[in-house]
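In my numbering, the protein residues as written are 30 to 334.
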Amino acid sequence: MEKKIAAAVSSIAGAASRTNVWTLSGPRISSFELFLQQCIEMGIADVFRLSVAHMQDRAYMECTMAKQMFKKLFELAHPLNLPHEARPTIALFGDLWDHGKNKSHPEFAEHGYDNWSFDNYNDEGVTGHPIASWPWPYADLFILFYREAGADANWNYMTEDRLSMDAVPLSFSTLGTVGHVFIGGSESQMKRKLLHAMQAVSPMVLIDNTPDAVKQMSLLVSVLKKAWDRAPARACGPFLRDGASIDSGSSSVEIFQAMLPAKILRYVEAEFDSSHMTQEERLLLSDIVGLLDLARRRPQGFKEM
30 MEKKIAAAVS SIAGAASRTN VWTLSGPRIS SFELFLQQCI EMGIADVFRL
80 SVAHMQDRAY MECTMAKQMF KKLFELAHPL NLPHEARPTI ALFGDLWDHG
130 KNKSHPEFAE HGYDNWSFDN YNDEGVTGHP IASWPWPYAD LFILFYREAG
180 ADANWNYMTE DRLSMDAVPL SFSTLGTVGH VFIGGSESQM KRKLLHAMQA
230 VSPMVLIDNT PDAVKQMSLL VSVLKKAWDR APARACGPFL RDGASIDSGS
280 SSVEIFQAML PAKILRYVEA EFDSSHMTQE ERLLLSDIVG LLDLARRRPQ
330 GFKEM
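Rendered as structure tokens:
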């Protein structure tokens with residue numbers, strides 16, 4: 030499974046590189062960044078990476094090493110219009126990422142990056158771990174925000190929440206068209222992010238055979254894409270309303286109108302056991318009703334997914 034996901038990520042990175050697409054990492058990294066970094070280190074992928082964060086994020090300010098490095102960056106910063114040859118290189122100590130020196134997180138001190146017990150960023154066990162104490166370090170460009178105190182940064186300030194993307198005052202759509210790569214996992218509000226991307230008709234990739242909300246959404250999309258099957262009546266038959274009929278001449282909109290959301294939901298639930306998921310994270314009948322309506326209004330977005 031890991032090799033298949035790595036191969037998929039490598040393909041995505043290759044396509045991004047050829048089309049001059051960047052990857053964007055916020056304060057909370059995902060499995061995608063981890064697999065992408067593996068591919069880059071193996072020399073099978075290369076893509077330009079952007080990392081954004083608020084320097085005074087609560088998680089960073091509560092880490093002594095991280096706070097010291099941010100203060101050093103700020104103190105030695107220079108104007109952007111300074112000639113390139115006059116810009117000094119700022120060297121940061123790597124103690125934060127060295128489990129032989131960073132003892133603030135017992136699990137990291139013992140195992141380094143080889144093992145950790147926390148499942149997501151909402152787990153208290155992540156506090157103090159390097160992946161939650163500094164922006165994703167494997168980036169080509171960093172955009173760091175901060176709150177001022179006169180001519181200096183206010184180092185007594187910290188964001189209300191840890192690793193908060195909401196604290197980053199940047200609309201990513203101003204940088205270009207925003208796309209999404211979804212890999213299943215236990216990240217909170219994954220369904221909300223999926224539905225938001227769907228409703229915005231953003232370019233997106235769903236990595237199938239990964240768990241939870243992403244798997245459920247992949248199953249749903251696989252059903253909707255049957256509307257463009259060479260034999261739609263046979264492919265879509267199990268999902269049609271009782272008494273409804275379609276043929277090879279039916280448009281995708283007519284096929285979506287003939288589908289019964291409850292039958293699609295039963296298929297999704299039969300193909301993936303969601304009993305371990307919370308009510309807020311699993312696909313509900315109302316979600317499928319809304320996505321079917323969206324598919325009727327914007328079928329092309331689902332055809333190209």
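Ideal placement from N, C-alpha and C gives every residue a C-beta, glycine not left out.
Rounding to the nearest angstrom, what Cα-Cα distance links Lys101 and Ile293 in this structure?
Each residue's alpha carbon lies about 55 angstroms from the other.
How many whole angstroms separate the CB atoms of Pro159 and Phe137, which I take to be in contact at a CB cut-off of 8 angstroms?
Right, the Cβ-Cβ distance comes to about 6 angstroms (below 8 angstroms), so this counts as a contact.
Leaving out five residues before and five after Phe99 in sequence, what residues of the same chain have Cβ atoms less than 7 angstroms from its Cβ?
Closer than 7 angstroms at Cβ, skipping near neighbours: Met84 and Tyr89.
Start-to-end residues for the beta strand (DSSP E) that takes in Ser54
It spans Thr52 to Ser54 - the beta strand (DSSP E) in which Ser54 sits, taken as one unbroken run.
In the DSSP assignment, find the unbroken beta strand (DSSP E) run with Leu79 in it and report its ends.
Arg78 to His83 is the extent of the beta strand (DSSP E) around Leu79.
Report buried or exposed for Met71, applying the criterion of at least 16 other Cβ atoms within 10 angstroms of its Cβ.
The residue is exposed, with fewer than 16 neighbouring Cβ atoms inside 10 Å.
Reducing DSSP to helix, strand and coil, say where Ala196 ends up.
Collapsing the DSSP output to three states places Ala196 in coil.
So Thr12 and Arg87 are supposed to be a Cβ contact under 8 angstroms. How far apart are they, rounded?
Because the chain here runs from 30 to 334, residue 12 falls outside it and cannot be looked at.
In this structure, does DSSP put Asp241 in helix, strand or coil?
Residue state, collapsed to three classes: helix.
Along the chain, where does the alpha helix (DSSP H) containing Val318 start, and where does it finish?
Run containing Val318: Leu314 to Arg326, per the alpha helix (DSSP H) assignment.
Under the three-state reduction of DSSP, which class applies to His158: helix, strand or coil?
In the structure shown, His158 sits in coil (DSSP, three-state: anything other than H, G, I, E or B).
Distance check for Ala120 and Tyr175, CA to CA, integer angstroms please.
For Tyr175 and Ala120, the distance between alpha carbons rounds to 20 angstroms.
In whole angstroms, what separates the C-alpha of Pro117 from that of Ala106?
Cα to Cα, Pro117 sits roughly 9 angstroms from Ala106.
Do Val243 and Ile212 have their beta-carbon atoms positioned less than 8 angstroms apart in this structure?
Yes, they are a contact pair.
Mind checking which residues open and close the beta strand (DSSP E) that includes Ile212?
Looking at the DSSP string, the run of the beta strand (DSSP E) that includes Ile212 is His209 to Ile212.
Beta carbon of Phe268, beta carbon of Val282: below 8 angstroms?
Note that the C-beta distance between Phe268 and Val282 is not below 8 angstroms.
Per DSSP, cross-strand counterpart(s) of Ala182:
Beta-bridge pairing links Ala182 to Glu177.
Exposed unless 16 or more other CB atoms sit within 10 angstroms - verdict on Tyr142:
When all chains shown are included, Tyr142 counts as exposed.
What's the call for Asp218, buried or exposed, on a 16-neighbour Cβ count within 10 Å?
A small fix is needed here, since residue 218 is Gln in this sequence, not Asp. Burial call: exposed.
What do you get for Thr239, buried or exposed, if any count of 16 or more other CB atoms within 10 angstroms of its CB means buried?
Burial check for Thr239: the Cβ neighbour count within 10 Å reaches 16 or more, so the residue is buried.
Met233 in three-state terms, based on DSSP
Three-state result, Met233: strand.
Quick one: Cα of Gly208 to Cα of Gly272, how far?
If I take the Cα positions, the gap works out to 39 angstroms.
Using a Cβ-Cβ cut-off of 7 angstroms (strictly less than) and excluding sequence neighbours within five positions of Leu314, which residues of its own chain qualify?
Here the set comprises Pro290, Ala291 and Leu294.
Apply the 10 Å Cβ neighbour rule to His134 and answer buried if 16 or more other Cβ atoms are within range, or exposed otherwise.
Burial call: buried.
Spatial neighbours of Leu321 within its chain, please: C-beta separation below 7 angstroms, excluding the five flanking residues on both sides.
Within the same chain, Leu321 has close Cβ partners Phe285, Met288 and Pro290.
Roughly how many angstroms lie between the CA atoms of Pro108 and Leu204, to the nearest whole one?
Distance between the alpha carbons of Pro108 and Leu204 is about 21 angstroms.
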